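All you need for the working numbering is the position in the sequence shown, starting with 1, plus 3.
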Amino acid sequence: MNRRIRSIFWLMTICIIAINAFQGYWLWKTYQINRQQFASTVQSALFQSLEDQQVGDAKRLFIRKQKADSSSRMVIHRFDSMGSRHVRVFVNNRSDSISRIRIESEQPKRIVVTYDTQKRTTGANPLPADSIAKRISSLVLLDWTDRKRVNLAKLKAAYRSELIRRDIDATFQLDTLTSKPQNSLGNFVFYRNGDQLTTDDIIQTSPVPINPIQNLFVQATFAAPELYLLRQMGWLLGGSLLLLILTTGCFLFMLSTIMRQKKLSEVKSDFINNMTHELKTPIATVTAAVEALQNFGALNDPQRTQTYLAISQTNLQRLSDLVEKVLNLAVEEKRELVLHPEPVHLADVTNELITNHRLKATKPVIFDTSISQDAIVVVDRVHFGNALNNLIDNAIKYSRDKVTIQLSFRGNIDNWQLTVSDNGLGVPKAYQSAIFDRFFRVPTGNLHPVKGFGLGLAYVRQVVERHGGTITVQSEPGKGSEFTVHLIRRD
4 MNRRIRSIFW LMTICIIAIN AFQGYWLWKT YQINRQQFAS TVQSALFQSL
54 EDQQVGDAKR LFIRKQKADS SSRMVIHRFD SMGSRHVRVF VNNRSDSISR
104 IRIESEQPKR IVVTYDTQKR TTGANPLPAD SIAKRISSLV LLDWTDRKRV
154 NLAKLKAAYR SELIRRDIDA TFQLDTLTSK PQNSLGNFVF YRNGDQLTTD
204 DIIQTSPVPI NPIQNLFVQA TFAAPELYLL RQMGWLLGGS LLLLILTTGC
254 FLFMLSTIMR QKKLSEVKSD FINNMTHELK TPIATVTAAV EALQNFGALN
304 DPQRTQTYLA ISQTNLQRLS DLVEKVLNLA VEEKRELVLH PEPVHLADVT
354 NELITNHRLK ATKPVIFDTS ISQDAIVVVD RVHFGNALNN LIDNAIKYSR
404 DKVTIQLSFR GNIDNWQLTV SDNGLGVPKA YQSAIFDRFF RVPTGNLHPV
454 KGFGLGLAYV RQVVERHGGT ITVQSEPGKG SEFTVHLIRR D
């Protein structure tokens, strides 16, 4: 049985660890994928917002210059922004046509002009392409040369709008960087506020050129992307955590059930062994008495006959009591204990019990009571008397050749405490929490020096708890035990 339980335990443990490890690995990979997607999206958004701003600046510069140089009418047709910046410009009173001005992102110092031979139906004659290209190039380059600072506030607002459009609402910081050549191969080192930039930040976009003339770049830094990513994975994390809790909880519940079943099996085995020993003694005694009457001529001696019959009657009564205890136990498990509380003089109950135990005790018993005659408690006289009788009976049975039992009471009718202590064998600390369980007896191997089924203290706890009280034990092996009943009356 123990081997099977150990095998089941280790198999379930391995399964739970494997499930939790797989779930954790899956969550980690999902987080890494989301982190990579986040980094790619914020990089793309920075390119897009910066591109829109630069193309808009070029448009405004050209319009402003064109208005200052001539009175000709100019129409900006549209802007494209997929990898390079495109500007379509049409101007009245010109014969040549220009279709597109592209400001290449890889080499932002070059402005490429392409021609379009398609005639427009707007009635506006295009401006010569070469002239417009040169004019826009010079305007943009002059603007880059003269500009000493970058309008980060404007770019930050545009970047935030672009992020929101892409369903990203994370805290970020925009910084301008400067670059310096590191070697002849054209590699660059970037600086922020004079300090060389490292990759120690949590998530940073790649530096994007904003003013190549001044070697100015812009970079976005996301200080705490983990919190944002975890919030985005909230439902996934919650569901996974719930699954882990349920799986682990089921494992622990199954394990506790198996251990409880194992304990019940051991208790049942102990109960059967104890019952067997208890039943064999009276049966063997009666059998011996009957054999004496049959085989040794005891019937011819009336006195011997009466002696054997008295022995048989006593043991048969004991056997009947044992069977009745088991039957009563089965009945008590199916129905709730019914109490009839009433005011009771505690001294009368204890004195009656002390008298009975002195008469039937097989060893010297000394009682030391400190219960006043006017001590009154509201309890069920029968059940509480039986519970107190069990405590005294255990103190006598689990003791040496001589025992001293002390009974003390303190409190009033509504809040009182009764203590029963002895100088007996005591209970090891490992078993003190289990002695109130049904059928439990402190293990003694195959020896059974004290007869019983392990039901007495279970009954005591049931009675005390039905009265609304508690019972505790303090014990030390070799020094004795102290049982304390504490009851607070609640009307």
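Ideal Cβ positions, reconstructed from N, Cα and C, are used throughout, including at glycine. Small disclaimer: the values here were computed from a predicted structure and weren't measured.
What are the boundary residues of the alpha helix (DSSP H) that includes residue i?
i, result
"I248", "237–298"
"H470", "Premise fails: H470 is in no alpha helix (DSSP H) and is neither H nor E."
"V352", "349–363"
"R403", "Neither: R403 is in no alpha helix (DSSP H) and is coded neither H nor E."
"L155", "155–168"
Using alpha carbons as the reference points, say which of the options lies closest to residue i.
i, options, result
"P480", "D371, F486, P431, L255", "P431"
"I416", "I379, I395, A287, D425", "I379"
"V488", "L428, F387, N426", "F387"
"Y434", "T475, P367, S402", "T475"
"I408", "G414, N392, N418", "N392"
"D178", "F299, L155, N218", "L155"
"M15", "Q46, A42, V382, F256", "F256"
"D377", "N359, D351, L330, D383", "D351"
"I11", "K482, D55, A295, M262", "M262"
"T353", "L410, R307, F486, T181", "L410"
"Q477", "R307, S164, V467, T422", "T422"
"T290", "S315, S272, V270, S268", "S315"
"I395", "R163, V385, I357", "I357"
"Q56", "R163, L158, P210, V270", "L158"
"L53", "R163, V270, N389, Q297", "R163"
"K271", "Q26, V329, P212, R361", "V329"
"V341", "V467, I8, I275, L30", "V467"
"L219", "L30, L180, S375", "L180"
"N389", "S375, N418, N359", "N359"
"G27", "G242, P305, S268", "G242"
"V347", "R384, T317, V326", "R384"
CA-CA distance, residue i and residue j?
i, j, result
"L49", "I167", "12 Å"
"N23", "T251", "9 Å"
"I20", "K266", "26 Å"
"N5", "E281", "28 Å"
"R169", "V221", "20 Å"
"L240", "N37", "13 Å"
"L258", "G414", "44 Å"
"A132", "Q51", "Confidence in A132 is poor, its pLDDT being 46 and thus under 50, which makes the residue's placement too unreliable to answer from."
"D371", "N426", "12 Å"
"R464", "V406", "24 Å"
"Q35", "R469", "59 Å"
"Y311", "A292", "5 Å"
"S43", "L246", "31 Å"
"A160", "L244", "37 Å"
"S436", "F486", "13 Å"
"V382", "I491", "11 Å"
"H343", "G429", "33 Å"
"F93", "Q46", "Low confidence applies to F93: its pLDDT is 42, below 50, so where it sits in the model is not reliable, and the reading given next is rough at best. Cα to Cα, F93 sits roughly 33 Å from Q46."
"R403", "G483", "10 Å"
"K32", "M236", "12 Å"
"I275", "W238", "54 Å"
"P361", "Q264", "In the sequence under discussion, the amino acid at residue 361 is Arg, which differs from the Pro named in the question. Those two C-alpha atoms are separated by around 41 Å."
"Q40", "R9", "46 Å"
"L233", "Q207", "18 Å"
"C253", "E345", "46 Å"
"E165", "L30", "28 Å"
"Q297", "V445", "41 Å"
Following the continuous beta strand (DSSP E) through residue i, name the residue where it begins and the one where it ends.
i, result
"G414", "406–414"
"V445", "Element bounds for V445: n/a, residue is neither H nor E."
"I379", "379–382"
"V368", "368–373"
"L219", "219–225"
Using the DSSP secondary-structure output, state which residues sit across from residue i in a beta bridge.
i, result
"N418", "I491"
"D396", "BP columns for D396 are empty, so no partner."
"Q477", "E485"
"L180", "F220"
"A207", "The sequence given here places Gln at residue 207; Ala does not occur at that position. Answer is T224, bridged to Q207."
"D425", "I408"
"E345", "V382"
"P212", "F220"
With a cut-off of 8 Å, does the C-beta of residue i fall near any C-beta of chain D?
i, result
"Y34", "Annotation note: the requested chain D is absent from the structure, which comprises a single protein chain."
Is residue i near the ligand GTP, with its Cβ less than 7 Å from a heavy atom?
i, result
"E269", "In terms of ligand content, the structure shown is empty, and the ligand GTP therefore cannot be addressed."
Practice item. Count the CB pairs spanning the stretch 458–473 and the stretch 427–443 that are closer than 8 Å, and state whether there are at least three. Key: Yes, since at least three Cβ pairs between the stretch 458–473 and the stretch 427–443 fall closer than 8 Å, the two stretches touch.
Review point. Per the contact definition of three or more C-beta pairs closer than 8 Å, is the stretch 159–174 in contact with the stretch 220–233?
Key: Contact between the stretch 220–233 and the stretch 159–174 is established, with three or more Cβ pairs separated by less than 8 Å.
Check your understanding: Does the stretch 269–286 come close enough to the stretch 319–329 to have 3 or more Cβ pairs within less than 8 Å?
Key -> The answer is yes - the stretch 319–329 touches the stretch 269–286, with three or more Cβ pairs under 8 Å.
Exercise for review: Could you say if the stretch 354–366 and the stretch 394–409 meet the contact criterion of at least three C-beta pairs nearer than 8 Å?
Suggested key: Under the 8 Å Cβ criterion, the stretch 354–366 counts as touching the stretch 394–409, having at least three qualifying pairs.
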